[in-house]
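**Student:**
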Amino acid sequence: MTEQANLDYIRSSIKTIPNYPKEGIMFRDVTSLIEDGKAFAMSVNALAAQYKDKHITKVVGAEARGFIFGAAVANVLGAGFVLARKPNKLPRETVRQSYQLEYGEDELHIHKDALTADDHVLMIDDLIATGGTMEAAVKMVRSLGAKVEDAAFVISLPDLGGLAKLQALDVQAYSLVSFNGE
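The sequence shown finishes on residue 576 if you use our numbering, and the numbering steps up by one all the way, no holes.
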């Protein structure tokens, strides 16, 4: 299959659920992609291929679906994997970063000793929408002195502004497929 045929297959494996979790939302369900072994393997390999020559030492995945793709991409790249988790989920000392949600605030944590100034980090999540989660994760990684210039996603929703947030942080974003208000 050609690269475009692979991306078309990946896109077709993502189910769209109208009006979930609320009226007017077109929810892009990446779990249908994960359930399809061929689409999942294609996704992981396509994401990893973009960074094979970038000397990535660690991949940081955002809770929870970022764990699935991030760990798999880290494995292909031969890099370590670091979890960006919700509060009270990690046992060692952590750093934290809060971020705004549509209705309130949340925060992410990573182990304080998980990254050093020697690390070159790739950020991974399943989807980029408004960008709040990834913006918080990038700030946390940088607070530990690690370098982060790249973020990768299976799905991007460019109309929601998350890509611009990453660009403002000097982070280059890559996604396999995009959905624009469709």
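Glycine included, C-beta positions come from ideal geometry on N, C-alpha and C.
1. Measuring alpha carbon to alpha carbon, tell me which residue in Thr410, Asn574, Val470 is nearest Lys452.
2. Just the Cα atoms here: how many angstroms apart are Pro481 and His503?
3. Considering only residues of the same chain and omitting the five flanking positions on each side of Thr488, which have a CB-CB separation below 7 Å?
4. Pull up the distance between the alpha-carbon of Lys409 and that of Asn574, whole angstroms please.
5. So, at 8 Å on beta carbons, what are the nonlocal neighbours of Leu401 in its own chain, with the 5 sequence-adjacent residues on each side left out?
6. Where in the region 444–480 do unbroken runs of the beta strand (DSSP E), each at least 3 residues long, occur, reported from the N-terminal end onward?
7. Among the candidates Phe421, Glu417, Ile522, Ala399, whose CA atom is the shortest distance from the CA of Ile549?
8. Secondary structure at Thr425, three-state DSSP: helix, strand or coil?
9. From this set, Asp544, Glu543, Met420, which residue's C-alpha is nearest Ile411's C-alpha?
**Tutor:** Let me spell this out:
1. Val470
2. 6 Å
3. His503, Ile504, His505, Lys506
4. 15 Å
5. Ala440, Leu570, Val571
6. 452–456, 474–478
7. Ile522
8. helix
9. Met420
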